Amino acid sequence: MSRNSAPPRALNGRLVTIPIRVANHAKPVDIDARRAQDEPPILFEHGAKVLDFPAAAARRHMRTPGGTRILDEGAAKFLADLEHRKASPHTVRSYRADLAGLAVWLREQGLTFRNLDRATVKRYLEHLTRGGKAAATVEHKLTSLRSYCAYLVAAGLLSSDPTLGLRAPKRPRRLPRSLTVDEAALLIDAASGGRTPERDVLLVELLYGCGLRAHEAVALRLQDVRSDSALLTVHGKGNKTRMVPYCQETAAALSAWLQVRPAGTPDAVLLTVSGNPLNDSDVGRIIKRISKRISQPDFPAISPHVLRHAFATQMLEGGADLRSIQELLGHAQVATTMIYTHVSASHMRAQYLAAHPRAGEVKP
Numbered sequence: 263m264s265r266n267s268a269p270p271r272a273l274n275g276r277l278v279t280i281p282i283r284v285a286n287h288a289k290p291v292d293i294d295a296r297r298a299q300d301e302p303p304i305l306f307e308h309g310a311k312v313l314d315f316p317a318a319a320a321r322r323h324m325r326t327p328g329g330t331r332i333l334d335e336g337a338a339k340f341l342a343d344l345e346h347r348k349a350s351p352h353t354v355r356s357y358r359a360d361l362a363g364l365a366v367w368l369r370e371q372g373l374t375f376r377n378l379d380r381a382t383v384k385r386y387l388e389h390l391t392r393g394g395k396a397a398a399t400v401e402h403k404l405t406s407l408r409s410y411c412a413y414l415v416a417a418g419l420l421s422s423d424p425t426l427g428l429r430a431p432k433r434p435r436r437l438p439r440s441l442t443v444d445e446a447a448l449l450i451d452a453a454s455g456g457r458t459p460e461r462d463v464l465l466v467e468l469l470y471g472c473g474l475r476a477h478e479a480v481a482l483r484l485q486d487v488r489s490d491s492a493l494l495t496v497h498g499k500g501n502k503t504r505m506v507p508y509c510q511e512t513a514a515a516l517s518a519w520l521q522v523r524p525a526g527t528p529d530a531v532l533l534t535v536s537g538n539p540l541n542d543s544d545v546g547r548i549i550k551r552i553s554k555r556i557s558q559p560d561f562p563a564i565s566p567h568v569l570r571h572a573f574a575t576q577m578l579e580g581g582a583d584l585r586s587i588q589e590l591l592g593h594a595q596v597a598t599t600m601i602y603t604h605v606s607a608s609h610m611r612a613q614y615l616a617a618h619p620r621a622g623e624v625k626p
């Protein structure tokens, strides 16, 4: 036994040797892996607590549906930790896809996650850019990798974060698509003409009238509706909650839906025809189906997020301050909300050019 190692001990039924070296108060665990074709799994201790998730919780992230091993155990445990910290299923899926894409590229280069350094990460980002990936996609993949590397550094499995100081390609500024007040009214009218008009009208009201994200709307439970104060308890990103007021039209839509909502079903506010809770994909399909009922030839393509953009843009144009809009939307940073100031400025300029008698003399 090496003088730099502690005596072997049993962990999950296997003997492991724990090195004496400590980084950031974390003790890396060196496991004698007998699987010749697999990378050795990564288990670690942090302080006195062994951060070892059950096999079913972590290892289901390691393989594709066909059974091909794609992620090492360290990456799988990172994803299991996200779930443990109540990250949304969408976040876990997107992080897993990003790490799986990196794993494939690393394997093509004859490398593993343990070879991650600044030069390797830069090469990967350049590979994505040369492959035609959009700047937003590259930025998202870098964000996923930052979170994973921070996790490994905290566990003492990386001495430093190779993503520090790295920047994704600059994203072109694109103003979010919105709706006019008249277009939103057309959409609400169209929602009342389907198989489940009460539910569909309520869905549009929650997205457009309250500014909810699709996953926030489907996460609403009956107990989240405070009819006495006309407030919704909204469960947003990062497991954060916020209070969002709703108007008389939304209150009427809620009342109409609750009167016909199937009894003896889950406590989700929004349900399918069969009585199951809606999911994000259902919301997208419903909004698309509603918009197709509008006969206006130039009516824009609609997604759930377009309705959220319309909510924010029309709030700003109506005189609401940026900080209040940030709170209503659940943005962590006011910089995210500021994109709507550019939308509003475009609207004001269009109104000026259309209405002022001397506007034709002004060149943009």
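Throughout the sequence shown, residue numbering follows this note's numbering, covering 263 to 626 in sequence.
Beta carbons: idealized from backbone N, C-alpha and C, even for Gly.
Source: prediction; values computed, not measured.
Under DSSP, residue 505 takes part in a beta bridge, and its partners are 495. Secondary structure note for residue 467: it is in no alpha helix (DSSP H), with a DSSP letter that is neither H nor E.
Residue 417 and residue 424 have their C-alpha atoms some 15 Å from each other. For residue 521, the enclosing alpha helix (DSSP H) stretches over residues 510–522. Under the Cβ criterion (8 Å, minimum of three pairs), the stretch 472–487 counts as touching the stretch 530–542. Residue 483 and residue 570 have their C-alpha atoms roughly 20 Å apart. For residue 485, no alpha helix (DSSP H) encloses it, and the DSSP letter there is neither H nor E. For secondary structure counted as the alpha helix (DSSP H) over 4 or more consecutive residues, the stretch 349–405 holds these complete runs in sequence order: 351–370 and 380–392. DSSP, read as helix, strand or coil, puts residue 562 in coil.
Contact between residue 364 and residue 428 fails: their C-beta atoms lie close to 14 Å from each other, not under 8 Å. In its chain, beyond the 5 residues on either side, 574, 584, 587, 588, 591 and 593 have a beta carbon closer than 8 Å to the beta carbon of residue 599.
Residue 523 and residue 489 have their C-alpha atoms spaced approximately 17 Å apart. As the crow flies, the alpha-carbon of residue 357 is around 40 Å from that of residue 521. Bounds of the alpha helix (DSSP H) holding residue 346 are 335–346. Between residue 512 and residue 471, the CB-CB gap stays under 7 Å. Around the beta carbon of residue 404, 16 or more other beta carbons sit within 10 angstroms, so the residue counts as buried. By the C-beta density criterion, residue 411 is buried, having at least 16 other C-beta atoms within 10 angstroms. DSSP places residue 539 in the strand class (E or B) of the three-state scheme. Residue 430 carries a coil assignment under DSSP once its states are collapsed to helix, strand and coil. Per DSSP, residue 419 has no beta-bridge partner at all. Taking C-alpha positions only, residue 481 is separated from residue 533 by approximately 11 Å.
Among the bridge pairs identified by DSSP, residue 453 is matched with none. Rounded to whole angstroms, the Cβ separation of residue 337 and residue 361 is 5 Å, and the two are in contact under 8 Å. The Cβ-Cβ distance between residue 452 and residue 556 falls below 7 Å. Cβ contact annotation for residue 467 (same chain, cutoff 7 Å, sequence separation greater than five): 511, 512 and 515, in chain order. In the three-state DSSP reduction, residue 594 falls in the coil class, being neither helix nor strand.
Beta bridge pairing from DSSP links residue 530 with 483. At least 7 Å separates the beta-carbon of residue 446 from that of residue 582. Take the alpha-carbon of residue 462 and the one of residue 537: they are about 14 Å apart.
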